[in-house]
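Undergrad: Below is one structure. I have some questions about it.
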Amino acid sequence: MRVQINPGIAAGYSATHSVTTDAHGLISLTMGQGTPEVGSVIPTFSELDWTSSVMNYTVSVDITGGTNYAVLGGAAFKAVPFAMHALTSGSGASGWSLLGNDLSNTNTGNVGIGTTTPYFKLQVEATSLDGVASFRNTDPNGASKIEFYDDVEPLYPFLSIGKGNSGTGALPGSSHISSTNRLTLGTQGNPNLVIEPTGEMGFNAPSAALTTATFGGIGRSLSLLTGNGEDIVWDGGGTGEVILKNTGTLSGATAFQNASSVALMTLRNTGEVGIGTSSPGGPFETHKADGSFVVRSWAGSGSNVVVTDVVGRNNFRPQQRFSTVGNSNYFDIGLGADDAYHIESTGDVPRISILQNGNVGIGTASPGNARLLLNHVTSSISSPAMKIEMAGANLLFYKASNGAATIDNTSGGNLVLMPAGGNVGIGTITPQSKLAVNGKITCKEVEVTLAGFPDYVFEKDYRLMPLDEVERYIAAYGHLPNVPSACEVEENGLGLGAMNKILLEKVEELTLHAIAKEKEVEALNARVAQMEAILMGEK
């Protein structure tokens with residue numbers, strides 16, 4: 000038979016025993032007196048540490064006397080660890096003494112349960128999910144509590160946790176949980192705070208049935224009630240109150256009312272907010288006797304005011320007026336009779352109008368078909384119709400003295416169009432180049448930046464087409480070599496730079512032909528002179 004003793008789940012001590020059964024089929028053996036198995040992690044029985052962790056044993060048997068063991072069972076030791084610890088702890092005094100039925104410890108150190116290094120007079124530790132400690136009184140009317148005392152009030156605990164000795168929730172001290180699972184916080188037997196298992200909370204009451212608390216003794220109260228009446232009430236001592244109600248007429252709304260139950264503000268459970276009404280019909284609705292809506296923002300001795308009139312004026316339906324107290328200037332914002340949204344300044348002067356089709360007018364109430372119309376009767380560089388301010392440069396749109404529409408960069412810098420790509424057309428809506436002008440251009444100078452200028456004509460390896468070959472090419476195609484035809488120019492146009500490059504190439508080729516012809520003429524003249532000299536000599 001093999002007996003294995005393991006600390007926790009780790010491998011431990013293993014020994015074999017030669018045993019026989021008695022007349023009843025029982026086996027008797029003494030642990031620690033077997034033969035330790037070779038390879039046992041804990042080689043001897045005496046090296047087992049019974050204080051380190053829970054000790055488990057496993058019993059296996061091979062009825063043939065071999066080593067093919069079959070597990071019979073196992074369990075955790077209960078009393079053995081304490082007995083073995085007492086056996087190995089020596090004969091020194093433990094500090095524990097028994098006087099009648101009272102057990103006390105007189106040592107000057109600390110006591111640890113579940114730990115060998117306690118830091119407090121009593122320290123209990125556990126590593127399982129079952130908890131650290133349990134306190135229970137089987138008498139249903141008995142007290143089951145933990146109390147904490149000090150020398151200041153030796154008769155009353157400054158903290159008591161548990162059940163009173165009456166079984167009905169008596170208050171032993173400042174805190175306890177009664178037999179009805181009620182939690183009470185108090186001082187010297189007074190229930191300052193009671194929390195019921197159902198969630199109700201009461202102040203200065205033996206239970207949460209009365210849920211009124213008085214603070215400072217001046218009549219300021221807080222009530223938490225249930226049912227179809229008042230849910231929460233703050234009472235200001237007779238000078239006014241704010242009430243949050245949950246009634247059938249308000250369908251679960253939260254209402255702020257004055258002392259006469261007049262609705263000041265209502266928050267419905269569906270999200271609508273009403274001011275001056277208990278039944279808001281929209282997300283935000285206000286009621287005032289004169290039908291106006293006023294918001295004031297005070298700053299020093301003045302104020303800012305926003306007013307909305309129910310009755311419109313002129314071509315306005317209900318509008319908002321922005322102004323300040325004592326100031327005759329204002330801005331009106333509202334919906335006009337034309338269903339357009341208008342902003343007007345003092346004297347009903349239109350400033351911004353937004354039509355239903357999305358068109359916007361600035362300085363006019365009728366932008367017409369223009370998506371954005373800026374109505375500026377007169378404009379100049381000092382008073383432009385539109386100004387776009389940017390860091391270091393302002394872009395002005397105005398009418399010049401001769402009536403021409405003008406775009407000006409006030410910084411004196413460049414005015415760049417389409418730097419990210421695309422073409423610019425003047426007199427055409429289908430520009431095919433960076434700048435396309437459908438008409439005559441008048442300028443004093445045109446400068447073309449061009450790469451690949453035709454100096455290559457003068458290089459030694461350049462093939463100069465002979466004139467007879469040029470003649471045949473013209474006869475075949477009707478234009479010079481490397482020169483676009485008239486049809487190509489009409490269809491695709493011809494750039495000034497490209498044209499000048501072609502013309503220069505032809506001029507340079509003509510120059511080379513002229514030089515060659517000049518040399519031929521000089522050679523011929525020399526021969527003629529020579530022949531003339533010969534002829535003259537013969538005479």
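Residue 500 in numbering that gives the first Met the number 0 sits at position 501 of the sequence shown; the count goes up by one each step and never skips.
In this text, a Cβ means the ideal position worked out from N, Cα and C, and glycines have one as well.
1. Using CA atoms only, rank isn't needed, just tell me which of Met264, Leu184 and Tyr118 is closest to His286.
2. Based on Cα-Cα distance, which residue from Glu504, Glu468 and Leu463 lies nearest to Val482?
3. Just to confirm the assignment: which complete beta strand (DSSP E) runs, minimum length 3, are found wholly within the stretch 324-397?
4. Please report the distance separating the alpha-carbon of Thr210 from that of Ile8.
5. What's the C-alpha gap between Lys443 and Ala364?
6. Hey, Ser352 and Gly346: beta-carbon distance below 8 Å or not?
7. Taking all protein chains shown into account, do 16 or more other C-beta atoms lie within 10 angstroms of the C-beta of Pro171, making it buried, or fewer, making it exposed?
8. For Thr15, which of Asn67, Thr50, Asp460 and Leu395 has the nearest alpha-carbon?
9. Any idea if His23 is buried or exposed, counting beta-carbon neighbours within 10 angstroms, 16 or more meaning buried?
10. Grab the span of the alpha helix (DSSP H) containing Thr510 for me, first residue to last.
11. To the nearest angstrom, how far is it from the Cα of Phe552 to the Cα of Ser143?
12. What whole-angstrom Cβ distance do Met54 and Ile112 have, given they're in contact under 8 Å?
13. Rank Tyr12, Gln319 and Asn191 by C-alpha distance to the C-alpha of Ser39 and give the top, closest one.
14. Could you round the C-beta distance between Pro480 and Met464 to whole angstroms and report it? I think they count as a contact, below 8 Å.
15. Look at the alpha carbon of Ser344 and the alpha carbon of Ser410, and state the distance between them as a whole number of angstroms.
16. Can you name, in chain order, every residue of its own chain whose Cβ lies under 6 Å from the Cβ of Gln355, other than the five neighbours on each side?
17. Please name the residue in Thr269, Asp21 and Glu508 whose C-alpha comes closest to that of Tyr461.
18. Could you tell me if Tyr397 is buried or exposed, where buried requires 16 or more neighbouring beta carbons within 10 angstroms of its beta carbon?
19. Candidates Gly367, Thr137, Asp138 and Ile160: which alpha carbon is nearest Glu146's?
20. Quick one: what's Met54 bridged to in DSSP?
21. Quick one: give me the first and last residue of the beta strand (DSSP E) that Val423 is part of.
22. Look up Phe457 in the DSSP assignment and say whether it is helix, strand or coil.
23. Would Gly426 pass as a contact of Asn437 if the rule is Cβ separation under 8 Å?
24. Taking the DSSP output, what are the residues bridged to Phe255?
25. I'd like the list of long-range same chain contacts for Val110, defined as Cβ closer than 7 Å, with 5 residues on each side in sequence excluded.
26. Assign Leu47 to one of two classes, buried (16 or more other C-beta atoms within 10 Å of its C-beta) or exposed (fewer than that).
27. Less than 8 Å between the CB atoms is what I'm expecting for Val37 and Thr57, so what's the real figure, rounded?
28. For Thr19, collect the residues of the same chain with a Cβ closer than 8 Å to its Cβ; drop the 5 residues on either side in sequence, then sort them by chain order.
29. I need the DSSP call for Asn491, collapsed to helix, strand or coil.
30. What does the Cβ neighbour count give for Arg1, buried or exposed, with the cut at 16 atoms within 10 Å?
31. Starting from Ile112 and walking both ways along the beta strand (DSSP E), at which residues does that stretch end?
TA: In short, the structure shows the following:
1. The residue given as residue 286 occupies position 287 in the sequence shown. Answer by Cα proximity: Met264.
2. Position 483 of the sequence shown, counted from the start, is the residue given in the question as residue 482. The shortest Cα separation from Val482 among Glu504, Glu468 and Leu463 belongs to Glu504.
3. Counting whole runs of 3 or more residues, the stretch 324-397 contains the beta strand (DSSP E) stretches 330-335, 340-344, 348-353, 359-361, 371-373 and 385-389.
4. In the sequence shown, counting from the first residue as 1, residue 210 sits at position 211. In the sequence shown, counting from the first residue as 1, residue 8 sits at position 9. Confidence is the limiting factor: at Thr210 the pLDDT is only 45, short of 50, which leaves the residue's position unreliable and the question unanswerable from this model.
5. Locating residue 443 in the sequence shown gives position 444, counting from the first residue. Locating residue 364 in the sequence shown gives position 365, counting from the first residue. Answer to the nearest angstrom: the Cα atoms are 45 Å apart.
6. Residue numbering aside, residue 352 sits at position 353 when the sequence shown is read from its first letter. Residue numbering aside, residue 346 sits at position 347 when the sequence shown is read from its first letter. 8 Å or more divides the Cβ of Ser352 from the Cβ of Gly346.
7. Translated into positions along the sequence shown, residue 171 becomes position 172. Low local confidence applies: a pLDDT of 43 at Pro171 is under 50, so the model's placement there is unreliable, and no value is given.
8. Here residue 15 refers to the residue found at position 16 when the sequence shown is read from its first residue. With distances taken between Cα atoms, Thr15 lies closest to Asn67.
9. On the sequence shown, residue 23 is found 24 positions in, with the first residue counted as 1. A residue is called buried when at least 16 other Cβ atoms come within 10 angstroms of its Cβ; His23 does not meet this threshold and is exposed.
10. Here residue 510 refers to the residue found at position 511 of the sequence shown. That run of the alpha helix (DSSP H) goes Leu495 to Glu537.
11. The structure shown has nothing for residue 552, since the chain only spans 0 to 538.
12. Within the sequence shown, the letter at position 55 stands for residue 54. Within the sequence shown, the letter at position 113 stands for residue 112. In fact, because the Cβ distance is near 17 Å, the residues do not count as touching under 8 Å.
13. Residue numbering aside, residue 39 sits at position 40 when the sequence shown is read from its first letter. Residue Tyr12 is the option with its Cα nearest to Ser39.
14. Mapped onto the sequence shown, residue 480 falls at position 481. Mapped onto the sequence shown, residue 464 falls at position 465. Between the beta-carbon of Pro480 and that of Met464 there is about 6 Å, and that keeps the pair under the 8 Å contact cut.
15. Locating residue 344 in the sequence shown gives position 345, counting from the first residue. Locating residue 410 in the sequence shown gives position 411, counting from the first residue. Distance between the alpha carbons of Ser344 and Ser410: 33 Å.
16. Locating residue 355 in the sequence shown gives position 356, counting from the first residue. Beyond the five residues adjoining it in sequence on each side, Gln355 comes within less than 6 Å, by CB distance, of Asp338 in the same chain, given in chain order.
17. Looking up residue 461 in the sequence shown gives position 462. Checked all of Thr269, Asp21 and Glu508; the closest Cα to Tyr461 is Glu508.
18. Along the sequence shown, one-based indexing puts residue 397 at 398. Classification for Tyr397: buried.
19. Within the sequence shown, residue 146 is the residue found at index 147, counting from 1. Ranking Gly367, Thr137, Asp138 and Ile160 by Cα distance to Glu146 puts Ile160 first.
20. Walking along the sequence shown from the start, residue 54 turns up at place 55. Answer is Pro6.
21. Counted from its first residue, the sequence shown places residue 423 at position 424. Per DSSP, Val423 belongs to the beta strand (DSSP E) from Val423 to Ile425.
22. Against the sequence shown, residue 457 aligns to sequence position 458. DSSP places Phe457 within a helical segment (H, G or I) once states are collapsed to three.
23. In the sequence shown, residue 426 corresponds to position 427, counting from 1. In the sequence shown, residue 437 corresponds to position 438, counting from 1. Annotated as proximal: Gly426 and Asn437, with beta-carbon spacing under 8 Å.
24. Here residue 255 is taken as the residue at index 256 of the sequence shown, counted from 1. Phe255 pairs with Met264.
25. As a first step, residue 110 must be located in the sequence shown, where it is residue number 111. Counting only residues of its own chain and dropping the five nearest sequence neighbours on each side, Val110 has a CB closer than 7 Å to the CB of Asn104, Pro117, Lys120 and Leu121.
26. The residue given as residue 47 occupies position 48 in the sequence shown. Flag for Leu47 reads buried.
27. Indexing the sequence shown from 1 puts residue 37 at position 38. Indexing the sequence shown from 1 puts residue 57 at position 58. In fact, because the Cβ distance is near 18 Å, the residues do not count as touching under 8 Å.
28. For the purposes of this step, residue 19 is taken as residue 20 along the sequence shown, with counting starting at 1. A distance below 8 Å between beta-carbons, with the five flanking residues on each side excluded, links Thr19 to the following residues of its chain, in chain order: Ile26.
29. As a first step, residue 491 must be located in the sequence shown, where it is residue number 492. Helix, per DSSP.
30. Mapped onto the sequence shown, residue 1 falls at position 2. It counts as buried.
31. In the sequence shown, residue 112 corresponds to position 113, counting from 1. Ile112: member of the beta strand (DSSP E) spanning Val110 to Ile112, first to last residue.
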